[in-house]
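Chemist: Attaching a single structure in structure tokens format; questions to follow.
Protein chains: 2
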Amino acid sequence: MDVDQYMVELGMAARAASRVVAASSTAVRNHALLAVCDTLDGARAKLADANAQDMERGRAKALDAPLLDRLELTPVRIDAMLEGLQQVAALPDPVGSISDMRTMPSGIGVGRMRVPLGVIGIIYESRPNVTVEAASLCLKAGNATILRGGSEALASNGAIAKCLVQGLQAVGLPEAAVQVVATADRAAVGKLIAMPEYVDVIVPRGGKGLIERISKDAKVPVIKHLDGVCHVYIDDGADDKMAVSIAVNAKAQRYGTCNTMETLLVAESKAAAVLPRLAEAYAAAGVELRGCPRTVALVPAATAAIEQDWHEEYLAPVLAVRVVADLQQAIEHINTYSSQHTDSIVTRDHGRAMRFLREVDSSSVMINASTRLADGFEYGLGAEIGISTDKLHARGPVGLEGLTSQKFVVLGEGQIRS
Amino acid sequence: MDVDQYMVELGMAARAASRVVAASSTAVRNHALLAVCDTLDGARAKLADANAQDMERGRAKALDAPLLDRLELTPVRIDAMLEGLQQVAALPDPVGSISDMRTMPSGIGVGRMRVPLGVIGIIYESRPNVTVEAASLCLKAGNATILRGGSEALASNGAIAKCLVQGLQAVGLPEAAVQVVATADRAAVGKLIAMPEYVDVIVPRGGKGLIERISKDAKVPVIKHLDGVCHVYIDDGADDKMAVSIAVNAKAQRYGTCNTMETLLVAESKAAAVLPRLAEAYAAAGVELRGCPRTVALVPAATAAIEQDWHEEYLAPVLAVRVVADLQQAIEHINTYSSQHTDSIVTRDHGRAMRFLREVDSSSVMINASTRLADGFEYGLGAEIGISTDKLHARGPVGLEGLTSQKFVVLGEGQIRS
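Written as structure tokens, this is what we have:
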């Protein structure tokens with residue numbers, strides 16, 4: 108197979124399908140999502156067979172245990188896929204809304220209409236349920252999708268793709284509205300990210316390595332989420348109990364997530380009061396501490412942090428801790444080391460809270476809340492396709508709105524330029 | 108000089124300055140703009156000297172007349188620069204506004220705060236007045252700017268840069284908030300577009316060649332404006348008088364602008380009524396017509412269009428004309444050949460008007476208005492730094508808002524993730 112030619116054919120079909128999907132009604136797209144739900148439910152045996160093939164091949168290739176776990180399509184995971192489809196169908200449709208319509212001196216009305224992006228390429232790793240999650244959000248927002256999953260999930264993704272096609276057919280939408288790349292050839296990814304004439308945006312979902320490779324080579328805009336080096340700063344005068352509660356939750360509620368705190372900053376006036384209490388709580392949770400000299404002086408169990416610790420996304424029960432002079436130094440530390448994902452201040456002082464909000468340059472900035480709350484569901488977006496650490500277009504959790512664009516619409520009565 | 112090292116120094120200084128500008132008040136930034144206005148006004152003799160050097164070198168290098176014209180800083184152009192600064196100072200400040208604040212089930216308030224992008228790189232060609240225009244919009248929106256003008260305007264841009272620095276100093280903002288690249292070495296551009304750690308977005312202003320080169324090599328997001336292949340479609344049943352008025356204005360009001368119509372589409376039911384009248388008006392204006400066979404049959408003066416004509420941005424008194432069966436074919440033509448800049452329908456029919464609005468995939472879509480109205484001033488944006496034909500981030504005329512981003516802000520009272 109000529110992979111480039113194959114990808115161009117997918118791209119052309121997606122572009123044509125995207126026009127039809129963009130012009131379809133909300134009702135038709137919702138019916139398609141519910142039809143996919145039905146076909147997946149009816150295809151459980153086929154999905155299990157296909158997934159068993161992938162699992163067997165994975166074991167033969169000696170894939171590691173976490174990867175095999177992510178690859179597995181259990182009945183519970185299929186249930187979750189179906190529930191997700193129903194939830195996406197129930198979300199409000201962002202497409203077509205017109206905002207900010209105003210009459211200009213010339214008499215024209217100028218507003219902005221929310222429209223689909225067009226064709227979205229999704230590149231992801233082993234989890235086959237992403238196929239349904241990503242396709243359903245893109246379809247709801249009026250887009251066509253080209254999905255490229257991991258080679259280890261090829262059979263599972265192929266079986267899911269058949270259900271997606273059946274759902275689209277059931278409501279008369281073009282099959283090419285959702286296409287799954289049917290080759291494990293790596294050249295397919297290279298071509299997918301280099302066809303701006305057919306693909307409007309790439310959303311990579313996976314580890315930092317995958318995302319960096321794609322961003323480096325892409326000729327199409329990428330909505331990227333690199334790492335989450337998130338901070339909590341305990342301000343001068345903060346409530347001790349709240350500070351401890353947030354700092355423990357932000358680190359220890361879950362370790363492997365991007366919105367988990369990786370560095371704790373404490374105002375020097377608060378260090379003696381909260382650090383020993385926190386050290387106890389972290390010790391109970393099994394969290395290892397790496398601290399600045401003043402932290403180590405207060406918490407003997409902490410080891411000395413090195414420069415690299417301030418940059419590190421541990422994704423593990425390890426936390427870097429630094430005592431800072433004041434808010435100014437905390438903001439400087441964050442704007443130097445943060446990955447611009449999510450940073451939070453615990454404070455009672457309104458002026459300092461607002462200054463933190465304004466001056467911390469991250470996609471989510473919080474006052475008196477755990478960084479673990481940075482999430483599409485917690486923010487009321489309904490669902491998210493990822494969390495963007497970019498500044499342009501979508502920033503922070505990306506829901507349906509992030510999968511759309513706004514164009515200017517002008518309503519005239521014959522106006523011309525004079 | 109080590110150009111890479113020089114650019115890194117500019118980048119680091121810009122990044123540091125961007126934090127200070129972002130944290131500055133609206134009043135301080137407005138005072139800076141007015142201070143620049145004063146220093147430029149007081150430096151008219153120096154500006155004239157510097158510009159005379161550039162003009163002399165340009166003539167010695169035998170630059171062509173339009174380029175020399177764009178290079179010249181006449182007293183009238185300096186007046187326009189000063190007026191522009193005052194207008195930008197008077198615009199509302201987009202930075203800091205919080206929208207969509209809503210309370211979530213967990214009790215946190217979630218909203219979006221408009222914030223500066225950070226550091227903006229502007230790459231432009233011969234017109235030295237762009238230095239002030241671009242710098243003032245970026246500064247107003249709270250950004251630091253690195254400006255790289257054409258080598259032919261080096262002395263003029265240097266003289267303007269001195270005035271900018273004096274204005275910044277007068278209000279205590281860092282000098283590095285606006286920096287003009289002081290070398291004609293082309294490697295400076297290559298480095299500027301490849302420092303994502305110091306530059307958040309690149310705005311190229313100039314011809315298609317410049318923008319394509321920059322987009323191809325950039326490692327930083329680019330807000331780009333390629334070409335303007337704009338269409339007017341005269342629908343079945345359109346008012347003849349309005350159709351002729353809009354079609355003549357969209358083509359003949361000015362030829363060299365990106366929002367000028369380049370292809371006219373006419374519903375076959377209207378062709379006999381409007382094409383001969385339009386042909387007369389275009390002949391009077393000196394516009395050459397290149398038509399499809401049906402156009403040529405109705406307008407003997409028209410020559411036969413070839414495929415390339417439907418792709419062409421003439422920027423000249425030439426117009427491609429095609430008779431189409433209906434709205435469907437018009438939309439298909441536009442979505443095939445348009446550069447997604449601006450397209451307009453002339454119609455009386457509400458349903459078809461709304462369908463055109465929804466289905467034409469361009470940055471501005473108009474009903475009963477001349478494409479020449481696609482413009483930041485006409486849209487009430489106050490000023491524009493360019494017109495984006497991208498879909499992500501800013502689409503259409505880019506004003507102050509397009510030079511900002513939105514981050515999520517979360518207001519809690521101790522909420523944690525359960």
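Those protein sequences? They're chains A and B, same order as listed. Each residue of the first sequence is one higher than the last, beginning at 108 in the working numbering. Each residue of the second sequence is one higher than the last, beginning at 108 in the working numbering. Cβ coordinates follow ideal geometry from the N, Cα and C atoms, glycine included. For clarity, every value in this text was computed on a predicted model and none was experimentally measured.
#1: Taking 9 Å as the CB-CB limit, is Ser352 (chain A) close to chain B?
#2: Examine chain B for any beta-carbon lying closer than 9 Å to the beta-carbon of Ser469 (chain A), and answer yes or no.
#3: Determine, for Gln286 (chain A), whether the minimum Cβ-Cβ distance to residues of chain E falls below 9 Å.
#4: Beta-carbon of Arg320 (chain A) versus every beta-carbon of chain B: anything under 9 Å?
#5: Taking the DSSP output, what are the residues bridged to Thr96 (chain A)?
#6: Got a sec? Which residues, its chain only, sit under 7 Å from Thr410 (chain B) by beta carbon, not counting five neighbours each side?
#7: Please work out which residues of its chain come closer than 6 Å, Cβ to Cβ, to Glu158 (chain A), disregarding the five sequence neighbours upstream and downstream, and give them in chain order.
#8: Does the stretch 199-209 of chain B come within contact of the stretch 239-249 of chain B, defined as at least 3 CB pairs closer than 8 Å?
#9: Please return the same chain residues whose Cβ sits closer than 6 Å to the Cβ of Ser322 (chain B), not counting the five positions on each side in sequence.
#10: Starting from Met114 (chain B), trace the alpha helix (DSSP H) in both directions and tell me its first and last residue.
#11: Would Gln447 (chain B) and Ser477 (chain B) qualify as a contact pair, given that the criterion is a beta-carbon distance under 9 Å?
#12: Can you name, in chain order, every residue of its own chain whose Cβ lies under 7 Å from the Cβ of Val195 (chain B), other than the five neighbours on each side?
#13: Can you name the residues of chain A whose CB is closer than 8 Å to the CB of His500 (chain B)?
#14: Confirm, please, whether the CB-CB distance from Gly228 (chain B) to Val355 (chain B) is below 9 Å.
#15: Only counting the same chain, and skipping five residues up and downstream in sequence, which positions put a Cβ closer than 6 Å to that of Thr402 (chain A)?
#16: For Leu488 (chain A) versus Arg459 (chain A), is the C-beta distance shorter than 9 Å?
#17: So which residues of chain B does Gln435 (chain A) contact, with C-beta pairs closer than 7 Å?
#18: Against Asp307 (chain A), what residues of chain B qualify as contacts under a CB-to-CB distance less than 7 Å, listed in chain order?
#19: Just to confirm, are Arg502 (chain B) and Thr496 (chain B) a CB contact at a threshold of 9 Å?
#20: Return helix, strand or coil for Asp450 (chain A), following the three-state DSSP convention.
#21: For the candidate residues A:Lys298, A:Glu420, A:Gln436, whose alpha-carbon lies nearest to that of Tyr113 (chain A)?
#22: Note down, one range per segment and in chain order, each beta strand (DSSP E) of at least 3 residues found wholly within the stretch 130-211 of chain A.
#23: Please compile the residues from chain A whose C-beta is within a distance smaller than 8 Å of the C-beta of Met211 (chain B).
#24: Nearest chain B C-beta to Ala423 (chain A) closer than 9 Å, yes or no?
#25: Drop a sphere of 10 angstroms on the beta-carbon of Pro407 (chain B), count the other beta-carbons inside from all chains shown, and report buried for 16 or more, exposed for fewer.
#26: Following the continuous beta strand (DSSP E) through Ala476 (chain A), name the residue where it begins and the one where it ends.
#27: Where does Ser352 (chain B) sit, in a helix, a strand or coil, going by DSSP?
#28: For the stretch 254-278 of chain A, list the alpha helix (DSSP H) runs that are entirely contained and at least 4 residues long, ordered along the chain.
#29: Going residue by residue through the stretch 387-434 of chain B, where are the continuous beta strand (DSSP E) segments of at least 3 residues, counting only ones entirely within it?
#30: Give a yes or no on whether the minimum CB-CB distance between Lys168 (chain A) and chain B is below 9 Å.
#31: Chain B beta carbons: is any one of them nearer than 9 Å to that of Ser233 (chain A)?
#32: Within this structure, are the beta carbons of Gly274 (chain B) and Cys144 (chain B) separated by less than 9 Å?
#33: If we count the other Cβ atoms within 10 Å of its Cβ and call it buried at 16 or more, is Ser525 (chain A) buried or exposed?
#34: For a contact defined as C-beta to C-beta under 7 Å, what are the partners of Gln273 (chain B) on chain A?
Modeler: The answer reads as follows:
#1: Yes, because at least one Cβ of chain B sits closer than 9 Å to the Cβ of Ser352 (chain A).
#2: True, the Cβ-Cβ gap to chain B drops below 9 Å.
#3: As a matter of chain content, chain E is missing from the structure shown, whose protein chains are A and B.
#4: False, the Cβ-Cβ gap to chain B never drops below 9 Å.
#5: Lying before the first or after the last residue shown, residue 96 (chain A) is absent from chain A, which here runs from 108 to 525.
#6: Around Thr410 (chain B): Arg397.
#7: Position check: residue 158 (chain A) holds Asn in this sequence, whereas Glu was assumed. Here the set comprises Leu180, Ser263.
#8: Touching, yes, given that three or more Cβ pairs across the two stretches are closer than 8 Å.
#9: Answer for Ser322 (chain B): Val329, Lys331, listed in chain order.
#10: From DSSP, the alpha helix (DSSP H) with Met114 (chain B) extends over 110-130.
#11: Between Gln447 (chain B) and Ser477 (chain B), the gap from beta carbon to beta carbon reaches 9 Å or more.
#12: Correct list, in chain order: Leu140, Ser243, Leu244, Lys247, Ala490.
#13: Within chain A, the residues near His500 (chain B) are Leu499, His500.
#14: No.
#15: Excluding residues within five positions, the ones whose Cβ falls inside 6 Å are Ala409, Val428, Val430.
#16: Leu488 (chain A) is not a Cβ neighbour of Arg459 (chain A), given a cutoff of 9 Å.
#17: For a Cβ distance threshold of 7 Å, nothing in chain B lies close to Gln435 (chain A): the least Cβ distance comes to about 11 Å.
#18: Per Cβ cutoff of 7 Å: Lys498.
#19: Their beta carbons are under 9 Å apart, which means Arg502 (chain B) touches Thr496 (chain B) by this criterion.
#20: Look at Asp450 (chain A) here: in three-state DSSP terms it is strand.
#21: In this structure, A:Lys298 is the residue among A:Lys298, A:Glu420, A:Gln436 with its C-alpha nearest to the C-alpha of Tyr113 (chain A).
#22: Listed in chain order, the complete beta strand (DSSP E) runs (minimum 3 residues) inside the stretch 130-211 of chain A are 205-210.
#23: From the beta-carbon of Met211 (chain B), the residues of chain A found nearer than 8 Å are Glu485, Tyr486, Gly487.
#24: Interface annotation, Ala423 (chain A): not in contact with chain B, CB-CB separation never under 9 Å.
#25: Exposed, because fewer than 16 other Cβ atoms sit within 10 Å of the Cβ of Pro407 (chain B).
#26: Per DSSP, Ala476 (chain A) is one residue of the beta strand (DSSP E) stretching across 471-476.
#27: Three-state result, Ser352 (chain B): helix.
#28: If we require 4 residues or more, the alpha helix (DSSP H) runs fully inside the stretch 254-278 of chain A come out as 261-277.
#29: Segments of the beta strand (DSSP E) lying fully in the stretch 387-434 of chain B: 395-398, 425-431.
#30: No, because no Cβ of chain B sits closer than 9 Å to the Cβ of Lys168 (chain A).
#31: Taking Cβ atoms only, chain B never reaches closer than 9 Å to Ser233 (chain A), which makes this a no.
#32: Closer than 9 Å, so yes.
#33: Note on Ser525 (chain A): under 16 other CB atoms within 10 angstroms of its CB, so exposed under the neighbour-count rule.
#34: Residues of chain A passing the Cβ test: none, with the nearest at roughly 27 Å.
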